[in-house]
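A.B. asks:
Protein chains: 2
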Amino acid sequence: MEQNEILTQLRQRKSVRAWEDRPVPPQVRQALLEAAFQAPTAGNQMLYTILEVTDPALKARLAETCDHQPFIATAPLVLVFLADCQRWLDAYEAAGCHPRRPGPGDLMLAASDALIAAQNTVVAAHSMGLGSCYIGDVLEQCETHRQLLGLTEYVVPAAMVVYGYPTRQQQERTKPARFRSQWVVCENRYHRNTPEQLRQMFACQAQDGGRSSWDFDSYLQAFCKRKYDSDFSREMSRSCGEYWKAFLKEPENR
Amino acid sequence: MEQNEILTQLRQRKSVRAWEDRPVPPQVRQALLEAAFQAPTAGNQMLYTILEVTDPALKARLAETCDHQPFIATAPLVLVFLADCQRWLDAYEAAGCHPRRPGPGDLMLAASDALIAAQNTVVAAHSMGLGSCYIGDVLEQCETHRQLLGLTEYVVPAAMVVYGYPTRQQQERTKPARFRSQWVVCENRYHRNTPEQLRQMFACQAQDGGRSSWDFDSYLQAFCKRKYDSDFSREMSRSCGEYWKAFLKEPENR
Chain A
-1 MEQNEILTQL
9 RQRKSVRAWE
19 DRPVPPQVRQ
29 ALLEAAFQAP
39 TAGNQMLYTI
49 LEVTDPALKA
59 RLAETCDHQP
69 FIATAPLVLV
79 FLADCQRWLD
89 AYEAAGCHPR
99 RPGPGDLMLA
109 ASDALIAAQN
119 TVVAAHSMGL
129 GSCYIGDVLE
139 QCETHRQLLG
149 LTEYVVPAAM
159 VVYGYPTRQQ
169 QERTKPARFR
179 SQWVVCENRY
189 HRNTPEQLRQ
199 MFACQAQDGG
209 RSSWDFDSYL
219 QAFCKRKYDS
229 DFSREMSRSC
239 GEYWKAFLKE
249 PENR
Chain B
-1 MEQNEILTQL
9 RQRKSVRAWE
19 DRPVPPQVRQ
29 ALLEAAFQAP
39 TAGNQMLYTI
49 LEVTDPALKA
59 RLAETCDHQP
69 FIATAPLVLV
79 FLADCQRWLD
89 AYEAAGCHPR
99 RPGPGDLMLA
109 ASDALIAAQN
119 TVVAAHSMGL
129 GSCYIGDVLE
139 QCETHRQLLG
149 LTEYVVPAAM
159 VVYGYPTRQQ
169 QERTKPARFR
179 SQWVVCENRY
189 HRNTPEQLRQ
199 MFACQAQDGG
209 RSSWDFDSYL
219 QAFCKRKYDS
229 DFSREMSRSC
239 GEYWKAFLKE
249 PENR
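Keeping their order, the protein sequence lines are chains A and B. Counting from -1, one number per residue, gives the positions in the first sequence under the working numbering. Counting from -1, one number per residue, gives the positions in the second sequence under the working numbering.
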């Protein structure tokens, strides 16, 4: 396989959830933002807004509303990547157009732009020795986050990323094994795995991760209970459903 | 601002839409996929499937269904990043769980995973001299793409990326100027720009892009007609609305 410094860094990067007590210098923050701006964006539209959380009280509040994760409150840099279907809508109206309301496609495209930009900051952060962690829980609590962050109905959180210098323990943490390629890649047509293939997929991952005593049924049952059927996961779907409502209104001209 | 090789590459990377007649070697393809697998993923779940399009007839068809873009058909490497809410659902069922149906939050989280992985491949591609271009139009034509790619109702295209070695002309193309930071970043609270600010935002971009004769109203009116109110944009919202339907069904236990 090809190797170079970028590929090595992409392979090594892992999430960091504990920080050294050390601020992010302004020039590092600026380089992160610049990496976001230079990311690919649909039609060069930059369909996102980056909301930087600097207020300690707001960080502390988000640490609670995003499924009670205290390391959000202590992160030296916190960015919320918002899918922004408001800015261009306002620009069209300022230019005398009568644009249609944003629909589901506009939200998905703006969320894509926001996530692509977010991932560039994560890659940039790692290159400067800065750890990072995505907080998907920012998709929860629609009503609370709209109010806290002052979002309009056409502005939706796509991701929150927290950044900081990793503690020694975090640097030495083992990156979890992924599923093997054969289970994640398919050719020309989506392949739905059989139950037996799914068992193999998890068994290979357990093996690659060095888990010797491991049982498919009990592992999946515990994971389902802890993650997929958890309160926070159900809340995420409820909340995203709320965000979707604005995009499901009558799509014709206003 | 900080500088290093990664930051430089993130800044320089731009979309490529014309290819040299040169295949992507297997070890380069493998490095791209590995960069995707090593991307951050929610709870290490890899909520995506990468569908590689190798069939020339399917590429040619997608070049048509994705808003008639012939360079898709000639791209030596084509990957569709699918938000996959099916794989884990099937695994839960294989383990004897009775999971709820996937909801809006599950789709948004899976689309995030897919896009984050996609962007890692774009960064990896650039580091190996390979150009790439996102094709957002894969979100259109829900019924056609479901049938063509064999998607289940819980598997949704998040992005398509095409890769190849750039022609000289593409390498020398100027990267378009982005909006300046001040219009895209806000602090603690979403800032909705005034019409006057929006005019300034576009004026700055025109200036940074060296466009001397430029008029806000006519530019935005033309852009709105050509992009936002276009047939393909309306089709994207219709199509994404179709994909959403499966995730808006009764969320309780099946």
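Ideal placement from N, C-alpha and C gives every residue a C-beta, glycine not left out.
Just to make sure I have the definition right: I need the residues of chain A whose C-beta is within less than 7 Å of the C-beta of alanine 16(B). Which are they?
C.D. replies: As a position in the second sequence, residue 16(B) is number 18, starting the count at 1. The premise fails here: alanine 16(B) is roughly 16 Å from chain A at the closest Cβ pair, so nothing lies under 7 Å.
A.B. asks: If you reduce the DSSP assignment to three classes, tell me which class glycine 239(B) lands in.
C.D. replies: Position 241 of the second sequence, counting from 1, holds the residue named residue 239(B). Three-state result, glycine 239(B): helix.
A.B. asks: Determine the DSSP secondary structure at arginine 178(A), reduced to helix, strand or coil.
C.D. replies: Residue numbering aside, residue 178(A) sits at position 180 when the first sequence is read from its first letter. Here arginine 178(A) sits in coil by DSSP.
A.B. asks: Hey, is alanine 116(A) close to the ligand NAP, as in C-beta under 7 Å from one of its heavy atoms?
C.D. replies: Annotation note on the ligand NAP: not contained in the displayed structure, which lists no ligands.
A.B. asks: Hey, isoleucine 48(A) and valine 183(B) are a contact pair by Cβ (cut 8 Å); roughly how many whole angstroms apart?
C.D. replies: Residue 48(A) sits at position 50 when you count from the first residue of the first sequence. Residue 183(B) sits at position 185 when you count from the first residue of the second sequence. Rounded, the Cβ-Cβ distance is 5 Å, consistent with contact.
A.B. asks: Compute the Euclidean distance between the alpha carbons of lysine 57(B) and glutamate 50(B), then round it to the nearest angstrom.
C.D. replies: The residue given as residue 57(B) occupies position 59 in the second sequence. The residue given as residue 50(B) occupies position 52 in the second sequence. Going from the Cα of lysine 57(B) to the Cα of glutamate 50(B) covers about 10 Å.
A.B. asks: Serine 125(A) and isoleucine 4(B): beta carbons closer than 8 Å?
C.D. replies: Against the first sequence, residue 125(A) aligns to sequence position 127. Against the second sequence, residue 4(B) aligns to sequence position 6. In contact: serine 125(A) and isoleucine 4(B) (Cβ atoms closer than 8 Å).
A.B. asks: Just to confirm, is the Cβ distance from aspartate 135(B) to cysteine 238(B) under 8 Å?
C.D. replies: Here residue 135(B) refers to the residue found at position 137 when the second sequence is read from its first residue. Here residue 238(B) refers to the residue found at position 240 when the second sequence is read from its first residue. No, the pair does not count as a contact, with Cβ atoms beyond the cut-off.
A.B. asks: Please confirm whether threonine 52(B) and glutamate 185(A) have their CB atoms less than 8 Å apart.
C.D. replies: As a working note, residue 52(B) is residue 54 in the second sequence. As a working note, residue 185(A) is residue 187 in the first sequence. Yes.
A.B. asks: Assuming phenylalanine 214(A) and arginine 197(A) form a contact by the criterion Cβ under 8 Å, report the distance between their Cβ atoms to the nearest whole angstrom.
C.D. replies: For the purposes of this step, residue 214(A) is taken as residue 216 along the first sequence, with counting starting at 1. For the purposes of this step, residue 197(A) is taken as residue 199 along the first sequence, with counting starting at 1. The pair is a contact, with the Cβ atoms about 5 Å apart (cut-off 8 Å).
A.B. asks: Since I believe alanine 112(A) is in contact with leucine 80(A) (beta carbons under 8 Å), could you give me their beta-carbon distance rounded to a whole number of angstroms?
C.D. replies: Against the first sequence, residue 80(A) aligns to sequence position 82. Against the first sequence, residue 112(A) aligns to sequence position 114. About 6 Å separates the two Cβ atoms, so the contact holds.
A.B. asks: Would you verify that the beta carbon of arginine 20(B) is, or is not, closer than 8 Å to some beta carbon of chain A?
C.D. replies: Numbered from 1 along the second sequence, position 22 holds the residue referred to as residue 20(B). It does not; no Cβ of chain A falls within 8 Å.
A.B. asks: Compute the distance between the beta-carbons of aspartate 33(A) and asparagine 118(A), then report whether it is under 8 Å.
C.D. replies: Locating residue 33(A) in the first sequence gives position 35, counting from the first residue. Locating residue 118(A) in the first sequence gives position 120, counting from the first residue. One detail in the question is off: residue 33(A) reads as alanine in this sequence, not aspartate. Yes.
A.B. asks: Which of the three DSSP states, helix, strand or coil, is assigned to serine 253(B)?
C.D. replies: The structure shown has nothing for residue 253(B), since chain B only spans -1 to 252.
A.B. asks: What do you get for proline 74(A), buried or exposed, if any count of 16 or more other CB atoms within 10 angstroms of its CB means buried?
C.D. replies: Taking the first residue of the first sequence as 1, we reach residue 74(A) at position 76. That one is buried.
A.B. asks: What does tryptophan 86(B) reach in chain A if we use C-beta pairs closer than 8 Å?
C.D. replies: Here residue 86(B) corresponds to residue number 88 of the second sequence, with the count starting at 1. Those are Tyr226, listed as they occur along chain A.
A.B. asks: Does DSSP classify methionine 106(A) as helix, strand or coil?
C.D. replies: As a working note, residue 106(A) is residue 108 in the first sequence. Reduced to three states, the DSSP call for methionine 106(A) is helix.
A.B. asks: Please state if the CB of tyrosine 152(B) and the CB of tryptophan 17(B) are separated by a distance shorter than 8 Å.
C.D. replies: Along the second sequence, one-based indexing puts residue 17(B) at 19. Along the second sequence, one-based indexing puts residue 152(B) at 154. In this structure, tyrosine 152(B) does not lie closer than 8 Å to tryptophan 17(B) by Cβ.
A.B. asks: Helix, strand or coil for tyrosine 226(A) per DSSP?
C.D. replies: On the first sequence, residue 226(A) is found 228 positions in, with the first residue counted as 1. Here tyrosine 226(A) sits in helix by DSSP.
A.B. asks: May I have a chain-ordered list of the beta strand (DSSP E) segments no shorter than 3 residues that lie completely inside the stretch 77 to 148 of chain B?
C.D. replies: List check, beta strand (DSSP E) in window: 129 to 133.
A.B. asks: For the alpha helix (DSSP H) holding valine 26(A), just list the boundary residues, first then last.
C.D. replies: As a position in the first sequence, residue 26(A) is number 28, starting the count at 1. Unbroken alpha helix (DSSP H) run through valine 26(A): 24 to 35.
A.B. asks: Return the first residue and the last residue of the alpha helix (DSSP H) that threonine 6(A) is part of.
C.D. replies: For the purposes of this step, residue 6(A) is identified with residue 8 of the first sequence, where counting begins at 1. Element bounds for threonine 6(A): 3 to 10.
A.B. asks: Looking at the C-beta of threonine 209(B), does it have a partner C-beta in chain A at a distance below 8 Å?
C.D. replies: Residue numbering aside, residue 209(B) sits at position 211 when the second sequence is read from its first letter. Just to set this straight, residue 209(B) is arginine in the shown sequence, not threonine. By this cut-off, arginine 209(B) is not an interface position.
A.B. asks: Using a Cβ cut-off of 8 Å, pull out every chain A residue sitting near alanine 92(B), in sequence order please.
C.D. replies: Sequence index remark: in the second sequence, residue 92(B) carries index 94 (1-based). Here the neighbours are Pro193, Leu196, Arg197, Phe214 and Leu218.
A.B. asks: In whole angstroms, what is the alpha-carbon distance linking glutamine 36(B) and alanine 92(A)?
C.D. replies: Taking the second sequence and counting its residues from 1, one reaches residue 36(B) at position 38. Taking the first sequence and counting its residues from 1, one reaches residue 92(A) at position 94. Cα to Cα, glutamine 36(B) sits roughly 43 Å from alanine 92(A).
A.B. asks: Closer than 7 Å, Cβ to any Cβ of chain A: which residues of the stretch 88 to 118 of chain B, in chain order?
C.D. replies: Cβ contacts with chain A: Asp88, Ala89, Tyr90, Ala92, Ala93, Gly94, Cys95, Pro97, Arg98, Gly101, Pro102, Gly103, Asp104, Met106, Leu107, Ala109, Ser110, Leu113, Ile114, Gln117 and Asn118.
A.B. asks: List, in chain order, every chain A residue whose beta-carbon is nearer than 7 Å to that of arginine 59(B).
C.D. replies: Stepping through the second sequence from its first residue, residue 59(B) is reached at position 61. Those do not exist, as arginine 59(B) stays about 11 Å from chain A at its closest Cβ, beyond 7 Å.
A.B. asks: For glutamate 233(A), does the three-state DSSP call read helix, strand or coil?
C.D. replies: For this step, residue 233(A) is matched to residue 235 along the first sequence. Reduced to three states, the DSSP call for glutamate 233(A) is helix.
A.B. asks: Using only CA atoms, which one of Glu233(A), Val14(A) and Gln28(A) lies nearest to serine 179(B)?
C.D. replies: In the second sequence, the residue the question calls residue 179(B) occupies position 181. Serine 179(B) has its Cα closest to that of Gln28(A), out of Glu233(A), Val14(A) and Gln28(A).
A.B. asks: Run through chain A and tell me which residues come within less than 9 Å of glycine 129(B), C-beta to C-beta.
C.D. replies: For the purposes of this step, residue 129(B) is identified with residue 131 of the second sequence, where counting begins at 1. Those within 9 Å of glycine 129(B) in chain A number zero; the least Cβ separation is about 11 Å.
A.B. asks: Which one of Gly207(B), Pro68(B) and Pro97(B) has the shortest CA to CA distance from threonine 172(B)?
C.D. replies: Position 174 of the second sequence, counted from the start, is the residue given in the question as residue 172(B). When each option's Cα is compared against that of threonine 172(B), the closest is Gly207(B).
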